[in-house]
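Presented below is the structure to which this report refers.
In the working numbering, the protein residues as written are 965 to 1396.
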């Protein structure tokens, strides 16, 4: 049962989101957060993970946050993951280290130094390693390393031990599937396969046994941002590949027996579905664009009519015609698509997506006319235009009164002409 939604630093009421009713055409709803956590004044939050203990989620925030701070390396963490069996956390960074921390003791348990900066990290699930001691790490040079967290005395590594020296890291296997930075790692739900993604626009698949054996790779239309396998509740094992350029690719798990890497590891016949997304803010701005374009068309029409010698009150506005013929402006799509931050499966056949750049707008319009009004002159012209519009309106009202009087006079003349000759008033008398 879900009662709240957590984002980095905030807690939101799930029922409010689930029963949201949009009251206007913007498609937006404002709401207040239930709780928030200020981590620090100079802290930039980029991700949030759920901590598990024996397979159960450890995230209980009924009234306030429970805080636990661990001081890591001076350089920012690039990737972070948590153990599936105990309160341990692993991090990697561009300082070329992989570190493991204990949440209970708020201490660092182990550290491994390598030749390249770490860029991706994931803890192997229990189906791969029941003891929860295997970590897969990706690096700047395209290398993936399988690292084991172990106890030199043979005891299981768990959180809360008093002796910090009873934990160490060692390399189990290293392979290089990519030619550029490794950006994502993901274990298949049954623990039979590992997928790795990179900025070289490829995703590589490996079978998992005592050793990780390559199956093959596929090319995708953009640098890989994240990978997400479908959960066990889905009928088929599929992989979502999130690309930085706003494209999502979905592929089924390849069958290792169907591919023989005789001359190349490239998988050419793996079926794929492609999705592309942009910010909905462009759609929200359509009505504003329509309003602006209609106003421009109206002002242009007025100018054309006045250039023909007509007064403002004499202009008849073909509003219905303009409304019917006015085309909708093109939805603004930025040249660089909205970047994908992360995503995950929800129900079968559906997934959620988080896009960046939602507040980016098109570039401001430059002033190219050298004779353009200055700010003060524009203000004075606006005042003058207001006065002229008021004067034109006053003249229009007076003319309307004259037209009414003239019409009444014509009616009187007609009535007089309809009378018998001896009862008619002389025209000279009427004109006095």
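For glycine and all other residues, C-beta sits at the position ideal for the given N, C-alpha and C.
Euclidean distance between Cα positions of residue i and residue j
{"i": "residue 998", "j": "residue 983", "result": "16 Å"}
{"i": "residue 1133", "j": "residue 980", "result": "45 Å"}
{"i": "residue 1176", "j": "residue 1161", "result": "16 Å"}
{"i": "residue 1100", "j": "residue 1108", "result": "7 Å"}
{"i": "residue 1273", "j": "residue 995", "result": "55 Å"}
{"i": "residue 1333", "j": "residue 1229", "result": "59 Å"}
{"i": "residue 1186", "j": "residue 1235", "result": "17 Å"}
{"i": "residue 1098", "j": "residue 1113", "result": "6 Å"}
{"i": "residue 975", "j": "residue 1000", "result": "6 Å"}
{"i": "residue 1388", "j": "residue 1347", "result": "54 Å"}
{"i": "residue 1267", "j": "residue 1353", "result": "14 Å"}
{"i": "residue 1159", "j": "residue 1150", "result": "5 Å"}
Burial state of residue i (16 or more Cβ within 10 Å)
{"i": "residue 1363", "result": "exposed"}
{"i": "residue 1378", "result": "exposed"}
{"i": "residue 1204", "result": "buried"}
{"i": "residue 1270", "result": "exposed"}
{"i": "residue 1082", "result": "buried"}
{"i": "residue 1165", "result": "buried"}
{"i": "residue 1183", "result": "exposed"}
{"i": "residue 1200", "result": "exposed"}
{"i": "residue 1330", "result": "exposed"}
{"i": "residue 1142", "result": "buried"}
{"i": "residue 1048", "result": "buried"}
{"i": "residue 1157", "result": "buried"}
{"i": "residue 1370", "result": "exposed"}
{"i": "residue 1376", "result": "exposed"}
{"i": "residue 1190", "result": "buried"}
Three-state class that DSSP yields for residue i in the structure shown
{"i": "residue 1381", "result": "helix"}
{"i": "residue 1254", "result": "helix"}
{"i": "residue 1166", "result": "strand"}
{"i": "residue 1076", "result": "strand"}
{"i": "residue 1341", "result": "helix"}
{"i": "residue 1236", "result": "coil"}
{"i": "residue 1367", "result": "helix"}
{"i": "residue 1350", "result": "helix"}
{"i": "residue 999", "result": "strand"}
{"i": "residue 1304", "result": "strand"}
{"i": "residue 1241", "result": "coil"}
{"i": "residue 1190", "result": "strand"}
{"i": "residue 964", "result": "Coverage of the chain is limited to positions 965 through 1396, which leaves residue 964 absent and any answer about it impossible."}
{"i": "residue 980", "result": "helix"}
{"i": "residue 1264", "result": "helix"}
Top-ranked residue by Cα proximity to residue i, from the options
{"i": "residue 1223", "options": "1179, 1207 and 1189", "result": "1179"}
{"i": "residue 1060", "options": "1076, 1091 and 1310", "result": "1076"}
{"i": "residue 1312", "options": "1210, 1152 and 1194", "result": "1194"}
{"i": "residue 1145", "options": "1253, 1163 and 1319", "result": "1163"}
{"i": "residue 1088", "options": "1152, 1253 and 1388", "result": "1152"}
{"i": "residue 1135", "options": "1237, 1062, 1356 and 1188", "result": "1062"}
{"i": "residue 1154", "options": "1147, 1197, 1188 and 1115", "result": "1197"}
{"i": "residue 1093", "options": "1140, 1159 and 1174", "result": "1174"}
Near the ligand GTP: residue i beta-carbon under 7 Å from a heavy atom
{"i": "residue 1101", "result": "This structure simply doesn't include the ligand GTP, nor any ligand for that matter."}
Please give me, in chain order, every unbroken run of the beta strand (DSSP E) with length at least 3 that falls completely inside the region 1048-1092. 1052-1057, 1061-1066, 1071-1077 and 1082-1087
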